[in-house]
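Chemist: Reminder that position 147 of the sequence shown reads as 146 in numbering that gives the first Met the number 0, one-by-one numbering, no gaps.
Pasting a structure here, questions to come.
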Amino acid sequence: MTEIRLNIGCGNDIRPGYVNVDSAPLPGVDVVHDLNVMPLPFETGSVAEVVAKDVLEHVELIPLMRELHRVMRPGARLWMSSPHFTSSSLWVDPTHVTGFSVETMGFFCTETPFTTWPHYFEFKFARLESTKLVFHRYRGLPWNYAVEPWANRSPARQRWFEGSPFGRIFPASNIEATLIR
């Protein structure tokens, strides 16, 4: 059986070796599908990996996470990157509906370095493998080369940073997280 690897909401980021999924029939898109329409056109437990780069902020998150959980096989990996809630670009795009914290994806997991909320959903990913605050390294922001590794030293530091005044003085641009099914 061939392993299916999905690149959802791919836009122009076409990845070889992946099934590239987008709502627009752009060149290189393999499957045209609106990620707000369930079910996804994939068999239960058929997906080994999902890349969700700059897409989860555009959709109804909970139904899509439920559906990704369904199509992913146990042990499959979901990697995501989406705007951090302090990012100035979060609300520039009128199609964004959600901002993210380092804790957001942990709500969908059994094991997480943060507080778990087991009663929220009837499905759970096995664990939150990693989270990362990502900072702009352009636009004349050289201090972010030092801020990013400092803020990401540990999950506790990430959480503290988000809630501290430093998190507003040095806003993150994105959150990256990896969940294991």
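Cβ coordinates follow ideal geometry from the N, Cα and C atoms, glycine included.
Only counting the same chain, and skipping five residues up and downstream in sequence, which positions put a Cβ closer than 7 Å to that of ARG167?
Modeler: THR85.
Chemist: For PRO82, does the count of other Cβ atoms within 10 angstroms reach 16, so buried, or fall short, so exposed?
Modeler: Buried, by the Cβ-count rule.
Chemist: Go through the region 92–166 residue by residue and report every complete run of the alpha helix (DSSP H) that reaches 4 residues or more, in order.
Modeler: Segments of the alpha helix (DSSP H) lying fully in the region 92–166: 143–150, 154–162.
Chemist: Of the residues LEU178, HIS57, VAL91, which one's Cα is nearest the Cα of THR111?
Modeler: Nearest option by C-alpha distance: LEU178.
Chemist: Can you list the beta strand (DSSP E) stretches of 3 or more residues lying completely in the region 3–53, in chain order?
Modeler: As far as the region 3–53 is concerned, its whole beta strand (DSSP E) runs of at least 3 residues are 3–7, 18–21, 46–52.
Chemist: State the CB to CB distance for the pair ILE7 and VAL70, rounded to an integer number of angstroms; the pair is presumed to be in contact (CB under 8 Å).
Modeler: ILE7 to VAL70, Cβ: 10 Å. No contact.
Chemist: Is it right to say ARG180 is buried, meaning 16 or more other beta carbons lie within 10 angstroms of its own, or is it exposed?
Modeler: Classification for ARG180: buried.
Chemist: Tell me the DSSP bridge mates of THR85?
Modeler: Partner(s): none; THR85 has no beta bridge.
Chemist: For the alpha helix (DSSP H) that LEU67 lies in, which residues bound it at each end?
Modeler: Its alpha helix (DSSP H) spans residues 60–70.
Chemist: Beta-carbon within less than 7 Å of HIS135's beta-carbon, same chain only, minus the 5 sequence neighbours each way: which residues are those?
Modeler: Answer for HIS135: ASN143, SER172, listed in chain order.
Chemist: Between the Cα of GLU147 and the Cα atoms of ILE174, VAL50, LYS123, PRO26, which residue gives the shortest distance?
Modeler: When only C-alpha atoms are compared, the closest one is ILE174.
Chemist: Taking all protein chains shown into account, do 16 or more other C-beta atoms lie within 10 angstroms of the C-beta of ASP21, making it buried, or fewer, making it exposed?
Modeler: Label assigned to ASP21: buried.
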